[in-house]
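Worksheet: the structure to be examined is printed underneath.
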Amino acid sequence: VIGAFNANCAYDETAVDLTFQVIVDNTPPAISSTVPANNSLLNTPSLSTIMLAFSETMDTSSLANLAAYHVVRNGSVAVLVSGTSYDPATRSLRLELNQGQPLVDGNYLVTVYGDLLLDVAGNALDGNGDGQPGGQFGLSFVVDTTPPHVTQIDPAAGSTTLPEGSWIIEVFFDSTVAPANAQATTSYRLIGSGGDNSFASGNEFDVAINMADYDLQTRSVLVLVNDGFDLPIDLYKLTVRSGSPGILDLAGNALDGDGDGLAGGDYVAQFRVIGPCGQDSDLDGVGDLCDLCPNTIVGAAVDADGCPAPIRYDIDRDGDVDGTDFLEFQLCETGPGIEGPPNPDCTAAVFSVLDVDGDHDIDQVDFGFFQRCLSGANNPADPHCAD
Numbered sequence: 182v183i184g185a186f187n188a189n190c191a192y193d194e195t196a197v198d199l200t201f202q203v204i205v206d207n208t209p210p211a212i213s214s215t216v217p218a219n220n221s222l223l224n225t226p227s228l229s230t231i232m233l234a235f236s237e238t239m240d241t242s243s244l245a246n247l248a249a250y251h252v253v254r255n256g257s258v259a260v261l262v263s264g265t266s267y268d269p270a271t272r273s274l275r276l277e278l279n280q281g282q283p284l285v286d287g288n289y290l291v292t293v294y295g296d297l298l299l300d301v302a303g304n305a306l307d308g309n310g311d312g313q314p315g316g317q318f319g320l321s322f323v324v325d326t327t328p329p330h331v332t333q334i335d336p337a338a339g340s341t342t343l344p345e346g347s348w349i350i351e352v353f354f355d356s357t358v359a360p361a362n363a364q365a366t367t368s369y370r371l372i373g374s375g376g377d378n379s380f381a382s383g384n385e386f387d388v389a390i391n392m393a394d395y396d397l398q399t400r401s402v403l404v405l406v407n408d409g410f411d412l413p414i415d416l417y418k419l420t421v422r423s424g425s426p427g428i429l430d431l432a433g434n435a436l437d438g439d440g441d442g443l444a445g446g447d448y449v450a451q452f453r454v455i456g457p458c459g460q461d462s463d464l465d466g467v468g469d470l471c472d473l474c475p476n477t478i479v480g481a482a483v484d485a486d487g488c489p490a491p492i493r494y495d496i497d498r499d500g501d502v503d504g505t506d507f508l509e510f511q512l513c514e515t516g517p518g519i520e521g522p523p524n525p526d527c528t529a530a531v532f533s534v535l536d537v538d539g540d541h542d543i544d545q546v547d548f549g550f551f552q553r554c555l556s557g558a559n560n561p562a563d564p565h566c567a568d
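Mapping the sequence shown onto our numbering, position 322 (from 1) lands on 503, and the numbers just tick up by one.
Shown next, in the form of structure tokens:
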């Protein structure tokens, strides 16, 4: 209220007092809030509008002037402001961008030119907050709908590594992830196969995840496992979990662990810890470089050299008596009363093993013992079968 005055009017000698109030509005309107908020990071895949709320009721015709708004992506790519819609009841303006098509990922800057927007009293918008009409209002936000990925791990997926230092696993991401999630031990799981190279046989074991330390600069996390002790020789499977609990980026996008281009799906990789004797191909607990019997069948008990207990007709020392051993028998077979070895392919050592009765021939008697020991491929033979 700028002023008031009284007026006395007389009619038929009757006095009437009238009071007039004059209201003057010279306060410029301001933008009180926005959606999205300034400096926000969004993973909204369908964002195509911006909401501006004003401190006063605005002039609708000025709000419809599309020249009052300017939107750019990544500093230089113009984004079309394709329409406006104003609600006087809430004093809010809806800006439609890009003909309603979702905004692509990028850094956005919205500029509102205050001298082009008026309230109902004709005051121009105070865009820069200095209390005066005019000035530009700026709104910045980032759209990020791209999920993060694991780029590599150390030890590398599919690799072999020695036990020394195997209690430290490093996971690298292609974008910044939420530190709280990256440092949560529940975001990771490490299991060992139990010695059989299978993760479906029921003898697997979980390895303790003790700590995870995330480095923002390298976008990598050090995962400390097994209470700081080197991992036992075995095949291991590492899972980096997606989502919550699990890995999210700063915009809230869940890890694309399975590489299908969509948020979600755990990252899974295997690596093998080997001893100084190298990889254990026959899974007998003795690495190939130290294994004197490198083809032992699975399940056969072996000695420190990787060899099963001696079985008379197990010529190839793999723990079973099968068709391979029978081929050796045929090479040395002579028939009754014919001394051997019969040919150079039958060594004296093998001939001696097959000649159970010690009569210097390989005949039906020896074959009878062989049949008693025959176990079939991959079936452990009885060490006492020829006793």
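Cβ coordinates follow ideal geometry from the N, Cα and C atoms, glycine included. Since the model is a prediction, treat every value here as computed from it, not as a measurement.
One thing to note: residue 506 has its Cβ within 9 Å of the Cβ of residue 496. When the five nearest sequence neighbours on each side are left out, the beta carbons in the same chain lying within less than 7 Å of the beta carbon of residue 244 are those of 265, 267, 274 and 298, in order along the chain. Beta-bridge analysis with DSSP links residue 451 to 418. Counting C-beta pairs closer than 8 Å gives three or more between the region 218-230 and the region 275-288, which meets the contact rule. A straight line joining the alpha-carbon of residue 324 with that of residue 305 spans about 31 Å. A contact between stretches requires three or more CB pairs, one per stretch, nearer than 8 Å, and the region 250-257 fails this requirement with the region 345-361.
The alpha-carbon separation between residue 205 and residue 302 amounts to approximately 9 Å.
Closest by C-alpha distance to residue 260, out of 240, 236 and 285, is 285. For residue 351, DSSP records a beta bridge to 335 and 403. The shortest C-alpha to C-alpha distance from residue 300 to any of 377, 207, 262 and 218 is the one to 207. Between residue 531 and residue 522, the CB-CB gap stays under 9 Å. Of the candidates 387, 540 and 395, the residue whose Cα lies closest to the Cα of residue 406 is 387. With respect to the 9 Å criterion, residue 414 and residue 468 are classified as neighbours on the basis of their beta carbons. Following the DSSP letters along the chain, one finds residue 511 inside the alpha helix (DSSP H) bounded by residues 504-513.
Counting C-beta pairs closer than 8 Å gives three or more between the region 373-383 and the region 415-426, which meets the contact rule. If you draw a straight line from the Cα of residue 258 to the Cα of residue 320, it is about 16 Å long.
Residue 393 and residue 423 do not touch by the CB rule: their CB atoms are close to 15 Å apart, not below 8 Å. Residues of the same chain with a CB within less than 8 Å of the CB of residue 443, apart from the 5 flanking positions on each side, are 328 and 437 in chain order. Beyond the five residues adjoining it in sequence on each side, residue 560 comes within less than 7 Å, by CB distance, of 501 in the same chain, given in chain order. Here the C-alpha atom of residue 287 lies approximately 10 Å from the C-alpha atom of residue 256.
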